[in-house]
Structures are given as C-alpha cells and as structure tokens.
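Visitor: For reference, each letter of the sequence shown is one residue, going 173 to 307 in this note's numbering. Note that the Cβ used here is the ideal one computed from N, Cα and C, for glycine as well. As the structure is a prediction and not an experimental result, all values here were calculated from the model. Pasting a structure here, questions to come.
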Amino acid sequence: MKIERRNVIKAIEEARAHGDISENAEYESAKERQAYIEGRIQELSGILANAEVIPHFTKAPDKIQFGVKVKLLNLDTDEVVIYKIVGPYEADPSSGSISINSPIARALIGKEVGDEVQVKTPSGAKNFEILDIEI
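And the structure:
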C-alpha cells in the first residue's frame with residue numbers, strides 16, 4: 173500500500189503539471205485512487221490494531237473454538253464435512269475455512285464431540301452432529 177501510495181502521489185503531481193486540473197481526467201482518476209488507498213490503509217491499520225495473537229494448541233481442545241478443525245455429519249444428507257474456523261479475512265469456504273462470524277461457526281463455538289447443532293442459513297435450517305475436533 174505504501175508503494176501504491178507513492179505511485180499515486182507521483183501520478184497526481186504529473187497530472188498537475190499538465191496545467192488546468194479542473195478538467196483533467198488523469199488528475200481526477202489519481203485523486204480517486206488516492207482516496208481509496210488512504211481508506212484501505214486506515215482499514216488495515218484498524219484491523220492490525222485490534223488483532224490478537226491466539227496461542228498455538230498442543231492438543232485438540234474439548235470444545236470448539238477459534239482455530240480448530242471440526243468434522244461434522246450433516247444429519248439431513250449424511251454428508252461428512254470438515255471446516256476450519258478462522259478469522260473473517262482468512263475465510264475461504266470453498267477450501268473448508270469458515271469465518272468465526274459465519275452462522276455455522278457461531279452455532280458450533282463451545283460445543284463438544286457428540287453434540288447436535290441446528291444452523292439457520294438463508295436456505296433453511298441444517299442439522300449437524302459433531303464427530304471430531306482437531307487442531
């Protein structure tokens with residue numbers, strides 16, 4: 173971001189050198205890009221300021237929490253799925269990483285192996301049994 177910030181500042185300076193900036197598309201485009209970059213820097217700074225280091229597990233916890241892999245049996249379809257509960261910026265449901273803020277993760281937090289959980293989703297309620305908790 174800092175490199176991109178420098179590039180935008182240079183582009184603004186170059187656009188100003190072309191004269192009248194009131195009708196200068198390059199200048200306007202560079203200013204819009206600068207506003208986006210500054211906003212993104214503020215967003216990332218806020219994320220970093222509120223980040224917490226989570227201790228590494230030496231053994232699987234008894235209850236589901238952030239950072240674990242959970243093996244579930246979908247009681248409606250008999251399909252077994254495995255999810256890793258991660259932060260919102262790491263989530264990639266297609267690879268099995270779900271956000272701690274997702275409906276499934278929120279329903280699972282604090283539960284143990286053998287528990288049954290109902291998750292309300294936009295497509296309707298889904299029922300799961302917790303088969304295993306791994307690190």
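Would you mind working out which of VAL258, ARG212, SER295, LYS231 sits nearest ASP304, comparing C-alpha positions?
Guide: The count along the sequence shown starts at 1 and reaches residue 304 at position 132. Considering only alpha carbons, the answer is LYS231.
Visitor: Rounded to the nearest angstrom, how far is the Cβ of LEU180 from that of GLN206, given a contact under 8 Å?
Guide: Indexing the sequence shown from 1 puts residue 180 at position 8. Indexing the sequence shown from 1 puts residue 206 at position 34. The sequence shown places Val at residue 180, rather than the Leu named in the question. That belief holds up - the Cβ atoms of VAL180 and GLN206 are roughly 5 Å apart, short of 8 Å.
Visitor: State the Cα-Cα distance for the pair GLU210 and ASP248, rounded to the nearest angstrom.
Guide: For this step, residue 210 is matched to residue 38 along the sequence shown. For this step, residue 248 is matched to residue 76 along the sequence shown. Using only the alpha carbons, I get a separation of about 47 Å.
Visitor: PHE300 bridges to which residues according to DSSP?
Guide: In the sequence shown, the residue the question calls residue 300 occupies position 128. Partner(s): ASN246, VAL289.
Visitor: In the stretch 224-285, which residue ranges form an unbroken alpha helix (DSSP H) of at least 4 residues, counting only runs that do not cross its ends?
Guide: Runs found: 275-280.
Visitor: Ordered along the chain, which non-local residues of its own chain (more than five positions away) have a Cβ less than 6 Å from that of ALA187?
Guide: The count along the sequence shown starts at 1 and reaches residue 187 at position 15. For ALA187, where only same-chain residues beyond five positions count, the Cβ hits under 6 Å are ASN196, GLU198, TYR199, ALA202.
Visitor: Exposed or buried, ILE276, counting other C-beta atoms within 10 Å across all chains shown (16 or more means buried)?
Guide: For the purposes of this step, residue 276 is taken as residue 104 along the sequence shown, with counting starting at 1. Buried: at least 16 other Cβ atoms inside 10 Å.
Visitor: Report the option in ILE213, TYR255, SER267, ASP264 whose CA atom is closest to the CA atom of ALA279.
Guide: For the purposes of this step, residue 279 is identified with residue 107 of the sequence shown, where counting begins at 1. Of the candidates ILE213, TYR255, SER267, ASP264, the one whose C-alpha sits nearest the C-alpha of ALA279 is TYR255.
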